[in-house]
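By our numbering, the letter at position 56 of the sequence shown is numbered 46, and the numbering carries on one by one without gaps.
Ideal Cβ positions, reconstructed from N, Cα and C, are used throughout, including at glycine.
Since the model is a prediction, treat every value here as computed from it, not as a measurement.
What follows is a set of notes on a single structure, which appears directly below.
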Amino acid sequence: MSSIFTKIVNGEIPCYKIAEDEHYLAFLDVNPNAKGHTLCIPKFEVDKIFDMDEAHYLGLMHFSRKIAIALEKTVPCKRIGMAVVGLEVPHAHVHLIPLNEMDEMRFQNKVSLTKEEFESLAEEIRVNI
């Protein structure tokens, strides 16, 4: 069964895309913990991150690092936090979250952005890649 992320990869559901390559895709989380909260996913279906073969796992980490560096250049923050939880969507994914305080990592307090704010932010991050 295809997850919502597979539908995003296939273009069936729109996203605020930041970057992609042959194997991975980065896009803004539409229910963000903080401004700039980004998801990095493999383009192929795999439920759990540790089910990925080593090459793809390392590839996702390399891709996520590149996005995190651009994100930190774009969104004022103390650091970029990274989380791999995997319970909310059955498709391996990395959360990159600009952090100024620990509560932004707790997945309880969310921020709201308009469509225009999402689009502008995605473009600003792309420029910094």
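Indicate the three-state DSSP secondary structure (helix, strand or coil) for R116 in the structure shown.
Locating residue 116 in the sequence shown gives position 126, where the first residue counts as 1. Helix.
According to DSSP, H83 sits in a beta bridge with which residue or residues?
The residue given as residue 83 occupies position 93 in the sequence shown. Bridge partners of H83: none, in fact.
Rounded to the nearest angstrom, how far is the Cβ of I(-2) from that of T28, given a contact under 8 Å?
Residue numbering aside, residue -2 sits at position 8 when the sequence shown is read from its first letter. Residue numbering aside, residue 28 sits at position 38 when the sequence shown is read from its first letter. Wrong, their Cβ atoms sit about 13 Å apart, outside the cutoff.
Helix, strand or coil for E109 per DSSP?
In the sequence shown, residue 109 corresponds to position 119, counting from 1. Correct three-state label for E109: helix.
Is it right to say E106 is buried, meaning 16 or more other beta carbons lie within 10 angstroms of its own, or is it exposed?
Position 116 of the sequence shown holds residue 106. Exposed, since its Cβ has fewer than 16 Cβ neighbours within 10 Å.
Since I believe L89 is in contact with A24 (beta carbons under 8 Å), could you give me their beta-carbon distance rounded to a whole number of angstroms?
Translated into positions along the sequence shown, residue 24 becomes position 34. Translated into positions along the sequence shown, residue 89 becomes position 99. Confirmed, about 7 Å.
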